[in-house]
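Structure first, commentary second.
Numbering (this note's numbering), first residue to last: 9 to 241.
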């Protein structure tokens, strides 16, 4: 961590110096299971080490004029591609996308693909370096400072996730409940539902209006109590 009162740029400079010094004496290749990360040597890199700092970019630097299109697919890690496909199609109601998986299969990957609208979700059967189990104690909206989680948060909205629009939440809720799959609703009161697959991957679902600046409803725990009959308001 960064010590209180310490300038971030000082740490960046120190790290730059250490990396540059170590590189000067380190062998060009690595042995074992580790491979050197490609070094950045472009004009926006800090001395070719790969670090970009305010000084290396300069105050007059402007972002590159990159014209993005959209997201073609999202890839998540699963323990069993066939079982994951059954969950995504049978419980979440997504469509099988065999065509998009042909290229993955040709490269020897064990995977399944499903489709939502025009986008594909790739379910890659690969080892996952992250915890997949949910920590039942991690159910608060914002964990206190210093909190150490024993797994992923109960609410996938407090974890990395992908948001997907749908027409109506009711059929999805009914399917999740019928299959005893846990889910949570948005902590902010939006019309958004969060759930996970068996491998810890978080998903958010909501109607399009939810993501167009819709007025947020009060969450249940913020709704004021109703006055008792005959009680003055």
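Positions of the beta carbon are idealized from the N, C-alpha and C atoms, including for glycine.
(message) Strictly by DSSP, which residues pair up with residue 99?
(response) Per DSSP, none; premise fails for residue 99.
(request) Assign residue 108 to one of two classes, buried (16 or more other C-beta atoms within 10 Å of its C-beta) or exposed (fewer than that). (result) buried
(request) Ignore the nearest five residues each way along the sequence and tell me which others in residue 168's own chain have a CB closer than 7 Å to its CB. (result) 210
(request) State buried or exposed for residue 165, treating a residue as buried only when at least 16 other CB atoms are found within 10 Å of its CB. (result) buried
(message) Using the Cβ count rule (16 or more neighbours within 10 Å means buried), how would you classify residue 237?
(response) exposed
(message) Taking the straight line between their C-alpha atoms, what separation do you get for residue 158 and residue 73?
(response) 42 Å
(request) Drop a sphere of 10 angstroms on the beta-carbon of residue 81, count the other beta-carbons inside from all chains shown, and report buried for 16 or more, exposed for fewer. (result) exposed
(request) Mark residue 98 as exposed unless 16 or more other C-beta atoms lie within 10 angstroms of its C-beta, in which case mark it buried. (result) exposed
(request) Helix, strand or coil for residue 119, going by three-state DSSP, please let me know. (result) strand
(request) Report the three-state DSSP secondary structure of residue 140 (helix, strand or coil). (result) coil
(message) Which same chain residues end up closer than 6 Å to residue 103 when comparing Cβ atoms and leaving out the 5 residues on each side of it in sequence?
(response) 123
(message) According to DSSP, is residue 182 part of a helix, a strand, or is it coil?
(response) helix
(message) Less than 8 Å between the C-beta atoms of residue 160 and residue 87, yes or no?
(response) no
(request) Ignore the nearest five residues each way along the sequence and tell me which others in residue 174's own chain have a CB closer than 8 Å to its CB. (result) 180, 213, 214 and 215
(message) Taking 7 Å as the cut-off, is the beta-carbon of residue 139 closer than that to any non-hydrogen atom of the ligand GDP?
(response) The ligand GDP is not part of the structure shown, which contains no ligands of any sort.
(request) Would you list the one or two residues that DSSP bridges to residue 84? (result) 131
(message) Considering only DSSP beta bridges, list what residue 148 is partnered with.
(response) Looking at the DSSP assignment, residue 148 forms no beta bridge with any residue, so it has no partner.
(request) Just confirm the distance between the C-beta atoms of residue 189 and residue 162, as a whole number of angstroms; I'd bet it's less than 8 Å. (result) Not quite, the Cβ-Cβ distance comes to about 13 Å (not below 8 Å), so this is no contact.
(message) Going by beta-carbon coordinates alone, are residue 170 and residue 132 separated by less than 8 Å?
(response) no
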